[in-house]
Each structure stands twice: as structure tokens, then as C-alpha cells.
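> Residue numbers (the working numbering): 1287 to 1395.
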Amino acid sequence: MVNRADEFFAAVTKEIEGLEMKHIIPMQKKAFLCSADCCDGKTTRAEVVGSCVDNCQRPLQFIQQTVNSAVQQLSNKFSACEAQCQEKAGYIAEMVEHLRTAVGEAEPL
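1) Which ranges does the beta strand (DSSP E) cover as unbroken runs of at least 3 residues, wholly within the segment 1303 to 1341, from first to last along the chain?
2) State the CB to CB distance for the pair VAL1335 and CYS1342, rounded to an integer number of angstroms; the pair is presumed to be in contact (CB under 8 Å).
3) Our contact map puts PRO1345 next to MET1313 with C-beta atoms below 8 Å; I'd like the distance itself, whole angstroms only.
4) Would you be able to state if there are at least three C-beta pairs under 8 Å between the segment 1313 to 1322 and the segment 1355 to 1373?
5) DSSP three-state call for ASN1354: helix, strand or coil?
6) Express the C-alpha separation of GLU1293 and PHE1364 in angstroms, rounding to a whole number.
7) Of all the options GLN1347, PHE1295, ALA1296, which has the alpha carbon lying nearest to the alpha carbon of HIS1309?
8) Near CYS1338, which residues of its chain fall below 6 Å by C-beta distance, leaving aside the five closest residues on each side in sequence?
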């Protein structure tokens, strides 16, 4: 039997990997090159270089936080949905058992 949850998470993982290859890795390269430019010797003050590097990394950090937050929200929604389905399945199982008991107790015609 195919596990739908595994299929779902495999599809999500594939999409995230696509985003990483198309957008995040190029952003990482841009941030690293920008950071390297901060160290090209225009200033000798460490705090200026550090501030420049922080500014270079900020867009990448924002995107990574956004992706992580979205994945966490999706995981939470999936867990809530899964719990709801399990609750409904338990209710249905109870009803089936109740019906079996009722039919078993019924007098034959």
C-alpha cells in the first residue's frame, strides 16, 4: 500500500530542492561575493566590515527563515489534518462495532 503522507512529503521535498537550486543557491553565491567585496581593503575597521557582511547576508537569511517558517506551518497543518482523520476513523470504527453488536443481538426473524 502506498503511504500518501510519504508521497506528499516527497513532493514537498522535491519542490524545496527546486527552490534551492533555482533561487536560494544563487542568492548564497551573491551573498558570499558581496561579503568578499566587504573585505577588499577599503576599510580596516572590523565593525564596518562586519556591518557590510551582515547587510550582504540579510536577504538570504530572510528567505531561509521564510522557507523554514512555511515548511513548519505546512507540517503543523498536515499534523492537524492527520489527527482529525484519525479521530474520524476512530469514530467510524466505534460505529461499525456498535452496529455489529446491535446486529448480533438482534433476534432472528
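Beta carbons: idealized from backbone N, C-alpha and C, even for Gly.
In short, the structure shows the following:
1) Within the segment 1303 to 1341, complete beta strand (DSSP E) segments of at least 3 residues are not found at all.
2) Not quite, the Cβ-Cβ distance comes to about 11 Å (not below 8 Å), so this is no contact.
3) The pair is a contact, with the Cβ atoms about 7 Å apart (cut-off 8 Å).
4) The segment 1355 to 1373 is not in contact with the segment 1313 to 1322.
5) Correct three-state label for ASN1354: helix.
6) Distance between the alpha carbons of PHE1364 and GLU1293: 13 Å.
7) Distance from the Cα of HIS1309 is smallest, within the candidate group GLN1347, PHE1295, ALA1296, for GLN1347.
8) Listed in chain order, the non-local C-beta contacts of CYS1338 below 6 Å within the same chain comprise CYS1324, local neighbours out to five positions each way being set aside.
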